[in-house]
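Read the structure below first, then the notes.
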Ligand code: SAM
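In my numbering, the protein residues as written are 6 to 251.
This is how it looks when you write it as structure tokens:
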């Protein structure tokens, strides 16, 4: 039986401290989980440190661990990433995906593109990772074929706009992982409680989560890992199910 949360316990539900630190999971719990992580290769650690030092947002430790798990289970032959930054997650995926897996990643921020390319070169992964430069809104439309694993990690307000192409590009039985979907806990707030600046993202992300949960071709779990992730799989009989989005 579900018990009702105690009055005023929203802070506990979101894991937010009373100081509004914006943590989704309890900070001590996160630190404990992170302390058990076995870590990455020295080269990945180096890029992660560079990203942190230069304020480039990259996936957190628990999302890294989730990706490693999903890749071990899925064994994808092809991966599509939306949001490359300086290539940390693409290199992580190339490390843990099967050797013959090809990764296509998209980035539009011109300052990050040469850094990502240099990181791929230094890792000796240029032949396994293709970096497409430009706005994913345009690039996705021109892609064809299918991908067994798609990692959505770009501007949060655009996920809902990318979704029709993402669904077209995801293979049946494929996995779509989306990061940063709970907006530091803001997602559960009324739109009037979030800052005006974040309201559009807030409503678009709610719409995105609704679509992922209700789309007839998808089975989706929303998990409070990191800043919130969704894991969706495209049903094997997706072609037979009707939808407004595909
Ligand atoms: N996945 C990366 C990692 O963990 O190493 C981090 C990606 S970072 C959170 C998001 C990136 O998406 C930024 O570098 C940003 O420039 C890029 N981005 C945002 N919107 C985009 C768009 N419409 N097209 C292409 N790239 C976009």
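C-beta: ideal position from N, C-alpha, C; glycine also.
When C-alpha distances from residue 67 are compared across 243, 170, 231, the shortest belongs to 231. Less than 8 Å divides the Cβ of residue 112 from the Cβ of residue 89. Relative to the ligand SAM, residue 130 has its C-beta separated by 7 Å or more from all heavy atoms. Beta-bridge partners of residue 239 (DSSP): 223. For residue 241, the number of other beta carbons within 10 angstroms of its own is below 16, and it is reported as exposed. In the three-state reduction of the DSSP assignment, residue 114 falls in the coil class. Annotation for residue 154: the continuous beta strand (DSSP E) segment containing it runs 152-157. Distances taken from the Cβ of residue 188 to the heavy atoms of the ligand SAM include none shorter than 7 Å. DSSP places residue 143 in the uninterrupted alpha helix (DSSP H) bounded by 141-147. The criterion of a C-beta distance shorter than 8 Å is satisfied by residue 164 and residue 213. Comparing C-alpha distances from residue 184 to each of 153, 121, 170, 228 shows the shortest one belongs to 228. Under the Cβ criterion (8 Å, minimum of three pairs), the stretch 73-88 does not count as touching the stretch 121-132. Exclusion of the five residues before and after residue 97 leaves 45, 49, 69, 72 as the residues of its chain whose Cβ lies within less than 7 Å of its Cβ.
Here residue 157 is not near residue 188, since their CB atoms are 8 Å or more apart.
One Cα belongs to residue 58, the other to residue 95, and the distance between them is close to 19 Å. DSSP places residue 84 within a strand segment (E or B) once states are collapsed to three. Distances taken from the Cβ of residue 142 to the heavy atoms of the ligand SAM include one shorter than 7 Å.
Straight through space, the alpha carbons of residue 226 and residue 74 are spaced by roughly 15 Å. Of the residues assessed, residue 40 falls on the exposed side of the cut-off, its CB having fewer than 16 other CB atoms within 10 angstroms. For residue 94, the CB falls within less than 7 Å of some heavy atom of the ligand SAM.
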